[in-house]
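This report concerns only the one structure given below.
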Amino acid sequence: MSKHEVTVTVNGEQQTREVEARTLLVHFIREDLDLTGTHIGCDSTHCGACTVLLDGTAVKSCTVFAVQANGKELQTIEGMAQNGTLHPLQEGFWEKHGLQCGYCTPGMIMSASYLLSRNPNPGEDEIREAIAGNLCRCTGYNKIVEAVQYAAEKMQDQEEEVAA
Amino acid sequence: MITGKFDYYAPSSLPEAVALLQEHGYDAKILAGGQSLIPAMRYRLAMAPVLIDINEIEGLGYIRESDGVLSIGAMTREAALEDSDVVRTRYPMLADATAVIADPLVRNRATVGGNLAHADPANDHPAVMLAYNAELVALGPNGTRTMAIDDFFTGLFETALENNEILTEIRIPAPAAGNGEAYIKVERKVGDYAVSAIAARLTVEGNRCTAARIGLTNVSPTPMRARGAEQALVGQELNDEVIEAAGQAAAAECDPSADLRGSVDYKRDLTRVLTKRAIRKALARAQGGE
Numbered sequence: 000m001s002k003h004e005v006t007v008t009v010n011g012e013q014q015t016r017e018v019e020a021r022t023l024l025v026h027f028i029r030e031d032l033d034l035t036g037t038h039i040g041c042d043s044t045h046c047g048a049c050t051v052l053l054d055g056t057a058v059k060s061c062t063v064f065a066v067q068a069n070g071k072e073l074q075t076i077e078g079m080a081q082n083g084t085l086h087p088l089q090e091g092f093w094e095k096h097g098l099q100c101g102y103c104t105p106g107m108i109m110s111a112s113y114l115l116s117r118n119p120n121p122g123e124d125e126i127r128e129a130i131a132g133n134l135c136r137c138t139g140y141n142k143i144v145e146a147v148q149y150a151a152e153k154m155q156d157q158e159e160e161v162a163a
Numbered sequence: 000m001i002t003g004k005f006d007y008y009a010p011s012s013l014p015e016a017v018a019l020l021q022e023h024g025y026d027a028k029i030l031a032g033g034q035s036l037i038p039a040m041r042y043r044l045a046m047a048p049v050l051i052d053i054n055e056i057e058g059l060g061y062i063r064e065s066d067g068v069l070s071i072g073a074m075t076r077e078a079a080l081e082d083s084d085v086v087r088t089r090y091p092m093l094a095d096a097t098a099v100i101a102d103p104l105v106r107n108r109a110t111v112g113g114n115l116a117h118a119d120p121a122n123d124h125p126a127v128m129l130a131y132n133a134e135l136v137a138l139g140p141n142g143t144r145t146m147a148i149d150d151f152f153t154g155l156f157e158t159a160l161e162n163n164e165i166l167t168e169i170r171i172p173a174p175a176a177g178n179g180e181a182y183i184k185v186e187r188k189v190g191d192y193a194v195s196a197i198a199a200r201l202t203v204e205g206n207r208c209t210a211a212r213i214g215l216t217n218v219s220p221t222p223m224r225a226r227g228a229e230q231a232l233v234g235q236e237l238n239d240e241v242i243e244a245a246g247q248a249a250a251a252e253c254d255p256s257a258d259l260r261g262s263v264d265y266k267r268d269l270t271r272v273l274t275k276r277a278i279r280k281a282l283a284r285a286q287g288g289e
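Note that the protein sequences, when read in sequence, are chains A and B.
The first sequence: position 161 = 160 (numbering that gives the first Met the number 0), numbered continuously.
The second sequence: position 7 = 6 (numbering that gives the first Met the number 0), numbered continuously.
Set out below in structure tokens:
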């Protein structure tokens with residue numbers, strides 16, 4: 000069972016590693032790329048703590064093989080902040096207390112990022128549906144929804160500023 | 000857990016993929032969305048020494064309606080079905096079902112072809128395609144062949160696909176006049192498999208049912224039609240007694256297993272209730288309401 004060379008553009012930077020075919024993308028991210036912001040919260044594809052953006056689409060990285068990411072773009076939580084400035088979603092989770100233990104948070108933010116990329120002004124129901132694949136044991140989800148609403152508003156304001 | 004070791008190929012064309020299947024025989028499995036296969040492999044419930052990843056083959060995902068048929072490429076992601084206007088407006092049973100498959104993240108990878116080929120009785124599409132009387136198209140070393148959905152599910156995790164064939168397309172007959180359809184699923188929580196779920200496609204004239212196909216999810220080892228329920232409806236005015244009779248028939252003919260989702264009795268009675276709800280919703284849609 001041979002090794003495979005995998006080249007992935009990770010948070011804008013091209014990375015190449017050798018992996019076994021069976022290496023899960025989440026293990027590749029955490030162990031081969033040393034990006035431990037992406038979490039493993041279950042063994043059953045349920046919890047979504049491992050959520051990342053693969054070619055811009057939110058996926059559970061525990062249920063994708065690393066070899067399947069070859070030639071693709073990967074964004075993890077580490078890629079959200081730009082030049083030391085928090086992404087509006089990160090700021091929202093801070094301002095609105097959208098986390099307690101923080102374990103689900105990277106996954107929540109990546110899922111929310113995908114939502115906002117397709118729907119910049121989601122209603123509450125749409126936010127709750129979009130994060131349905133991300134489980135949180137601490138918050139009861141309400142503050143998470145508020146955090147996403149905060150981010151949506153801030154990102155819309157930023158859009159309007161740029162346009163002006 | 001992690002999967003066992005396997006050899007991995009990512010062909011860029013269907014003929015290449017079929018040739019690989021031929022070469023490796025029973026050692027090989029197709030990797031589509033992977034949202035059923037990878038978890039099964041991680042639990043060591045499934046294993047294949049060779050995985051043939053068909054995600055890099057272009058042109059396998061599409062949704063096209065023409066000449067009275069909705070053609071769906073086997074690699075169409077569930078999320079694409081969810082986003083499709085033609086599915087939402089003209090095939091609401093399919094839209095109902097797609098929206099309750101797992102969760103949005105899984106739906107970004109999972110494919111309708113994989114859902115059918117995996118033939119897990121807990122999957123949602125088998126019952127839906129049974130209700131649609133869909134046709135399935137497969138490509139093998141000897142070319143293409145078409146299978147009727149009634150012949151497709153042959154056992155637990157077993158289909159009529161040969162080991163060297165790849166499911167390529169699903170064909171659904173367009174709605175006829177008087178068509179009404181619905182998929183009703185009860186799950187313990189978002190993302191769960193069904194405790195029970197019913198797919199119902201009816202043809203009605205006024206209040207009278209002239210055709211019915213009903214599929215059941217996760218209440219039998221093999222995806223099944225509720226033929227007794229169908230027979231209770233066809234030719235009848237869809238009043239309370241007739242609908243109740245159909246529900247009772249579905250409850251009697253299903254074969255659920257007791258598990259954490261419920262006892263046999265509970266699942267049977269839920270099947271009775273959901274069959275009635277699906278019939279009523281299908282009827283309402285046929286009559287122009289929701």
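Every residue, glycine too, gets a C-beta built ideally from N, C-alpha and C.
This structure is a prediction, so every number in the text was calculated from the model and none was measured.
> So, is the C-beta of A/G47 closer than 7 Å to a C-beta in chain B?
Replying inline: yes
> Got a sec? Which residues, its chain only, sit under 8 Å from B/R89 by beta carbon, not counting five neighbours each side?
Replying inline: E64, L69, A173 and P174
> Is it true that the CB of B/S219 sits closer than 7 Å to the CB of B/L273?
Replying inline: no
>> Less than 7 Å between the beta carbons of B/I278 and B/I242, yes or no?
In response: yes
> In its own chain, which residues sit with a C-beta less than 7 Å from the C-beta of A/V144, not counting the 5 before and 5 after it?
Replying inline: E123, I126 and R127
> Which residues, taken in chain order from the segment 11-29 of chain A, show a beta carbon closer than 9 Å to some beta carbon of chain B?
Replying inline: E19, A20, R21, T22, L23 and H26
> Going straight from the alpha carbon of B/I311 to that of B/E57, what length do you get?
Replying inline: No information on residue 311 of chain B is available, as it lies outside the stretch 0 to 289 that chain B covers here.
>> Run through chain B and tell me which residues come within less than 8 Å of A/E128, C-beta to C-beta.
In response: P103
>> What are the residues in the segment 100-130 of chain B lying within 9 Å of chain A by C-beta distance?
In response: A101, D102, P103, L104, V105, R106, N107 and R108
> B/A210 bridges to which residues according to DSSP?
Replying inline: B/T202
>> Please confirm whether A/T6 has its beta-carbon closer than 7 Å to some beta-carbon of chain B.
In response: no
> Hey, how far is the Cα of A/S110 from the Cα of B/V105?
Replying inline: 12 Å
> So B/T167 packs on B/A159, CB below 8 Å; how close in whole Å?
Replying inline: About 14 Å; that fails the 8 Å criterion.
> Is the segment 134-148 of chain A touching the segment 87-100 of chain A in the sense that three or more CB pairs, one from each, lie closer than 8 Å?
Replying inline: yes
> What runs of the beta strand (DSSP E), each 3 residues or longer, lie entirely inside the segment 155-183 of chain B?
Replying inline: 165-172
> Would you call the CB atoms of B/K184 and B/V99 closer than 7 Å?
Replying inline: yes
> Under the three-state reduction of DSSP, which class applies to B/Y42: helix, strand or coil?
Replying inline: coil
> For B/Y42, does the count of other Cβ atoms within 10 angstroms reach 16, so buried, or fall short, so exposed?
Replying inline: exposed
>> Just to confirm my understanding: we take B/G246, look at its own chain, exclude 5 residues before and 5 after, and list those with CB closer than 6 Å. What are they?
In response: R271, T274 and K275
> My guess is that B/L59 and B/A73 are in contact by the Cβ rule of under 8 Å, so how many angstroms apart are they, rounded?
Replying inline: 6 Å
> Around the C-beta of A/H96, are 16 or more other C-beta atoms found within 10 angstroms, so that it is buried, or is it exposed?
Replying inline: exposed
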